[in-house]
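Trainee: This structure is in C-alpha cells; I'll ask about it shortly.
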Amino acid sequence: MCRNFLGPLFHLCVWFATFVGPAVSAQPTELWRSWNQPVAPFRIVENVYYVGASDIAAYLITTPDGHILLETGFAETVPLVRASLRQLGIEPRDIRILLTSHAHIDHAGGLKAMKALTGARLIASAPEAAALARGGRGDFHYGDQLAFEPVTVDEIVADGGTVTLGGVTLTAHLTPGHTPGSTTWTCRVRTGGRELDVVFAASVSAPGYQLVNNAAYPDIWRDLQASIAALRALPCDVFLAPHGQVFGLTNKARRLAEHPETHPFIDPDGYRAFCDDAEARLRKQHAEQAAALEARNKR
Ligand SMILES: [Zn+2]
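Counted the way mature numbering (1 follows the signal peptide of the UniProt record, and there is no 0) counts, the sequence shown spans residues -26 to -1, 1 to 273.
This is the structure in C-alpha cells:
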C-alpha cells in the first residue's frame, strides 16, 4: 500500500539526498523540520500514548510504578515530547526507562537531553549501545554525517530479552539491517476484555545501502532477510513505528478523534502490508545490485 511503501523509502533516503549541513548541524533541512512539527498527544490504546512529533514518533507507556518512553526523536523533538508529557500530566522525573529503535539522529538525537531531563535508565541492544556511545559516528553507511550527542546506555538487552516496569513488559526483538542493532519492541495490552499485541516495528529500510558485497557490513543482506522473517512472525494488532508515515499516523489519529469506536490503530492488515512492501523493496534492491555486479564481472 502506498503509505507503507512511501514511508520507508522516504526515511533517510530523501533526507540524505537533501542533507546540506555539517555533522551535528541542527535540523538543516525543510524535510527534517517538516517531520518535527508539534502535534497534540493522545492515547493510542490503554496505557500506550503518542507523545511524538508530526512524523518523528515517541511513545509513552504508563505503569503504576513510573513510565517508559520509547523514542525521543531529534534533539529538537525533546521540547515537543516534554510539552506532550506536560499536557498528559506526566512529570519527566516519573519516566523510569528510555528505549529506542535505533541509533539514528532522528530517533536517538534527543536521548542525551531526555536522559538528563528524566534521570531514566537507557536500555538498548549491544550494537545500538555502541552506536549511541559514538553519537552515531562511524555508521556503516552514513559515516559521521548524521552525528548526535553521544549517550551512555545503562543496560544491554538481548534478542528476546524483556524490560518490565509496574507489571508492564516490553520484549526486544533484534531486527538488524537498517542499523546493526535495530530493535523492534512489542507488548500486550488488555482493552475491553480483549488482549492486543502491540508492535513498535523498527525501520527495515535500506536507503541507498549496498546490499551486495558490503565490506562495512558483510552480513547486511542475511540480517535484513532474517529481520523481515522475524517481523512476519510477530503477532500484531496495533501497528506502530518510528516514523508516522510508515503506519499512517496522521490519518489514523484523525479517525481516532472523529470515530474512536473504529479503533484505527488496530491494523493487522496494515502491518502485513508493511512487511510485504519492505520485503519486496529489499528484494528488488538486492536483485538490481546483484545483476549490476554480475554485468560488471562479465566485462
Ligand atoms: Zn533510521
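Cβ coordinates follow ideal geometry from the N, Cα and C atoms, glycine included.
How many angstroms separate the CA atom of Ala200 from the CA atom of Arg70?
Mentor: Their Cα atoms are separated by approximately 32 Å.
Trainee: Is the closest heavy atom of ligand 1 to the C-beta of Pro124 under 8 Å?
Mentor: No - ligand 1 has no heavy atom lying nearer than 8 Å to the Cβ of Pro124.
Trainee: Taking the beta carbon of Lys226 as the centre, do at least 16 other beta carbons fall within 10 Å, making it buried, or is it exposed?
Mentor: With 16 or more Cβ atoms within 10 Å of its Cβ, Lys226 is classed as buried.
Trainee: Who are the Cβ neighbours of Ala266 in its own chain at under 6 Å, not counting the five residues just before and after it?
Mentor: Excluding residues within five positions, none has a Cβ falling inside 6 Å.
Trainee: DSSP state of Cys161, grouped into three classes?
Mentor: Three-state DSSP puts Cys161 in a strand.
Trainee: Which residue comes first and which comes last in the beta strand (DSSP E) that contains Glu268?
Mentor: From DSSP, Glu268 is part of no beta strand (DSSP E) but of the alpha helix (DSSP H) over Pro242 to Lys272.
Trainee: According to DSSP, Arg168 sits in a beta bridge with which residue or residues?
Mentor: Its beta-bridge partners are Thr165.
Trainee: Pair every Cβ in the region 106 to 120 with every Cβ in the region 70 to 84, then say whether three or more of these pairs are closer than 8 Å.
Mentor: The region 106 to 120 vs the region 70 to 84: in contact.
Trainee: How many angstroms separate the CA atom of Arg257 from the CA atom of Ala132?
Mentor: If you take the alpha carbons of Arg257 and Ala132, they lie about 27 Å apart.
Trainee: Using the rule of at least 16 other Cβ atoms within 10 Å of the residue's Cβ for burial, across every protein chain shown, is Arg89 buried or exposed?
Mentor: For the record, residue 89 in the displayed sequence is Lys; it is not Arg. Classification for Lys89: buried.
Trainee: Comparing the CB of Thr37 with every heavy atom of ligand 1, is any distance shorter than 8 Å?
Mentor: Checking the Cβ of Thr37 against ligand 1 gives no.
Trainee: Output yes or no for whether 9 Å exceeds the beta carbon distance between Leu44 and Pro15.
Mentor: Result no, Cβ atoms of Leu44 and Pro15 do not sit closer than 9 Å.
Trainee: I'd like to confirm the pairing. Which residues does DSSP put opposite Tyr183 in its beta bridges?
Mentor: DSSP, once it has assigned bridges, lists no residue as partnering Tyr183.
Trainee: Does the beta-carbon of Ser58, which I'm using as the reference point, lie nearer than 8 Å to any heavy atom of ligand 1?
Mentor: For ligand 1, not one heavy atom lies less than 8 Å from the Cβ of Ser58.
Trainee: Can you give the Cα-Cα distance for Ser156 and Phe174, rounded to whole angstroms?
Mentor: Each residue's Cα considered, the two are about 11 Å apart.
Trainee: Residue 302: beta carbon under 8 Å from a heavy atom of ligand 1?
Mentor: Beyond the ends of the chain as shown, which are -26 and 273, falls residue 302; an answer cannot be given.
Trainee: With DSSP run on the structure shown, which of helix, strand or coil describes Thr149?
Mentor: The answer is coil: DSSP assigns Thr149 none of H, G, I, E or B.
Trainee: Run the Cβ filter for me: residues under 5 Å from any heavy atom of ligand 1, listed in the order they occur in the chain.
Mentor: In chain order, the qualifying residues are His78 and Ser177.
Trainee: Would you call the region 144 to 151 in contact with the region 196 to 210, where contact means no fewer than 3 C-beta pairs closer than 8 Å?
Mentor: At 8 Å Cβ cutoff, the stretches touch.
Trainee: So what does Ala98 bridge to, in DSSP terms?
Mentor: In DSSP, Ala98 forms a bridge with Ile130.
Trainee: Taking only the alpha-carbon atoms, compute the straight-line gap between Trp195 and Gly166 and give it to the nearest angstrom.
Mentor: Cα-Cα distance, rounded: 41 Å.
Trainee: Since Ala42 sits in a beta bridge, which residues does DSSP pair it with?
Mentor: Here residue 42 is Ile; the residue named in the question, Ala, does not match the sequence. Answer is Ile35 and Ile71.
Trainee: Taking residue 314 as part of the alpha helix (DSSP H), name the residues at either end of that continuous run.
Mentor: Residue 314 lies beyond the stretch modelled for the chain, which goes from -26 to 273, so this question has no answer here.
Trainee: Using a Cβ-Cβ cut-off of 8 Å (strictly less than) and excluding sequence neighbours within five positions of Ser(-2), which residues of its own chain qualify?
Mentor: With a pLDDT of only 45 at Ser(-2), under the threshold of 50, the placement of this residue in the model should not be trusted; the figure read from the coordinates follows. Nothing listed; no residue qualifies.
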